[in-house]
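Down below is the structure, laid out as structure tokens.
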Amino acid sequence: MQYDDSRITSHTVTINIPRGAQPPAIHVNGEKVDQALAAHNADALGEISSLVCDVQRKYRRGELELTTAAIGDMLARIGDLARPRPTGEPPF
Numbered sequence: 300m301q302y303d304d305s306r307i308t309s310h311t312v313t314i315n316i317p318r319g320a321q322p323p324a325i326h327v328n329g330e331k332v333d334q335a336l337a338a339h340n341a342d343a344l345g346e347i348s349s350l351v352c353d354v355q356r357k358y359r360r361g362e363l364e365l366t367t368a369a370i371g372d373m374l375a376r377i378g379d380l381a382r383p384r385p386t387g388e389p390p391f
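Under my numbering, read the sequence shown as residues 300 to 391, first letter to last.
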């Protein structure tokens with residue numbers, strides 16, 4: 300079974316990475332990611348949070364330069380994870 304996403308023209312992903320120990324705030328199409336994704340795939344939420352936290356940690360340690368290409372790759376991965384899936388289809 301495949302998901303037909305031809306109806307979806309685009310996703311808007313907003314990531315707010317605060318200073319300190321607060322977790323990143325992620326919004327997909329204006330909805331907080333924990334609300335938008337939990338109904339579609341709980342594993343995807345964990346994967347996105349992990350990805351953003353990893354980028355945040357590497358950036359703060361100076362191990363990662365946030366180039367346009369790096370940001371584009373991260374957003375593409377988040378967009379893929381945010382895509383609704385039929386029940387039982389793995390997120391990656």
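C-beta: ideal position from N, C-alpha, C; glycine also.
In the structure shown, arginine 360 adopts coil according to DSSP, grouped into three states. In this structure, leucine 350 lies near isoleucine 377, with their beta-carbon atoms less than 8 Å apart. For leucine 374 and glutamate 362, the gap between their C-alpha atoms comes out near 19 Å. Under the three-state reduction of DSSP output, threonine 366 falls in the coil class, being neither helix nor strand.
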